[in-house]
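Reviewing the structure listed below.
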Amino acid sequence: MSNRQQVCKFFKQGRCQYGNSCRFYHPQQSNNNYNNYGSVASGNNAFGNQTRGGLGAFGNFASNNNTGFSSSGGNTGNAAQETPQQFCDPKSLTKRQHEMRNDMLELDEMLNISNCIFTSYSLKPPAIANAISNRDFSFEEARVQYYQAQATNTIPQYQQQIANRHNDMKNAVNFIKQNSDKAVRYLQLSLSNQSIPPKPLIPVPDFNVPVSATGSGSIFSTSTSSNVSNPFGGQSNPFGSSANLSSGGTFGSSGFG
38 MSNRQQVCKF FKQGRCQYGN SCRFYHPQQS NNNYNNYGSV ASGNNAFGNQ TRGGLGAFGN
98 FASNNNTGFS SSGGNTGNAA QETPQQFCDP KSLTKRQHEM RNDMLELDEM LNISNCIFTS
158 YSLKPPAIAN AISNRDFSFE EARVQYYQAQ ATNTIPQYQQ QIANRHNDMK NAVNFIKQNS
218 DKAVRYLQLS LSNQSIPPKP LIPVPDFNVP VSATGSGSIF STSTSSNVSN PFGGQSNPFG
278 SSANLSSGGT FGSSGFG
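Counting with this note's numbering, you get residues 38 to 294 for the letters of the sequence shown.
Here it is in structure tokens:
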């Protein structure tokens with residue numbers, strides 16, 4: 038299970054009585070129109086942590102793993118790291134699915150609080166690939182784009198892009214929750230077959246085109262089109278046609294065909 042703090046449900050409701058003394062997690066509320074950067078000017082993200090290297094709001098918890106949001110919880114030095122053989126053991130699939138689903142529930146809660154979380158995700162090392170990849174978009178990058186949009190009178194397009202990114206993150210989280218077995222196998226195959234770069238598990242859509250999110254409209258005053266197909270629909274299997282995710286050993290048929 039993840040060793041990060043659980044989000045305080047009373048804080049989400051605006052009635053936590055413990056403030057900074059609360060033992061649960063208190064994410065900061067973001068501004069829906071994305072025009073008030075607050076702590077962004079000092080390089081801080083929505084959760085009061087310093088962003089690094091242009092990554093998402095969660096920083097990079099593992100120095101040797103390209104993740105923005107990892108189940109390592111930023112504490113990789115206190116426990117012995119698993120070997121690749123242990124990580125790829127088929128018997129560990131259920132355990133890793135449980136860990137991944139817990140992470141997605143937590144990330145989903147945070148996405149419901151903040152509209153400005155754009156991050157990659159993976160399990161802790163020795164995993165070397167991301168289940169959610171190429172979503173890292175820092176506050177600094179968003180801020181620069183906002184000023185550029187302000188200078189070119191393209192604020193509506195900027196708002197649409199941010200809304201698309203938010204909806205894409207929600208879609209990605211829902212995909213992992215519903216396909217945790219596939220996501221875990223993807224990470225295992227990526228580790229066991231490093232000679233062939235894997236295709237992204239969840240393809241990245243064009244953020245300049247409206248991205249639909251089930252039950253979610255635009256996070257701004259302008260609406261986001263709901264007629265665009267889900268970014269996961271119709272995409273090729275990242276494992277190729279030869280991968281069988283429901284049977285066979287971890288080191289069976291290649292998932293990178």
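Even for Gly, the Cβ is constructed at its ideal location relative to N, Cα and C.
Per DSSP, the beta-bridge partners of residue 169 are 158. The segment 168-176 and the segment 223-241 touch, with no fewer than 3 CB-CB distances between them shorter than 8 Å.
About 6 Å separates the Cβ atoms of residue 195 and residue 182, confirming a contact at the 8 Å cut-off. Here residue 197 has no same chain residue with a Cβ atom under 6 Å from its own Cβ, once five neighbours each way along the sequence are excluded.
Taken through DSSP and simplified to helix, strand or coil, residue 246 comes out as coil. Here residue 221 carries a helix assignment [DSSP, helix/strand/coil]. Note on residue 173: 16 or more other CB atoms within 10 angstroms of its CB, so buried under the neighbour-count rule. Secondary structure note for residue 60: it is in no alpha helix (DSSP H), with a DSSP letter that is neither H nor E. Residue 162 counts as buried, since no fewer than 16 other beta carbons sit within 10 angstroms of its beta carbon.
Going by DSSP, residue 174 is part of no alpha helix (DSSP H) at all; its letter is neither H nor E. Put simply, the backbone Cα of residue 127 is about 21 Å away from that of residue 234. Residue 141 sits away from residue 220, with the two beta carbons spaced by 7 Å or more. The Cβ neighbour count for residue 202, taken over all protein chains shown within 10 Å, is at least 16; the residue is labelled buried. Assigned with DSSP and collapsed to three states, residue 44 falls in strand. Comparing alpha-carbon positions, the option among 223, 204 and 232 lying closest to residue 133 turns out to be 223. Note on geometry: alpha-carbon atoms of residue 245 and residue 193 lie some 11 Å from one another. For the 7 Å CB-CB criterion, residue 44 and residue 145 do not form a contact.
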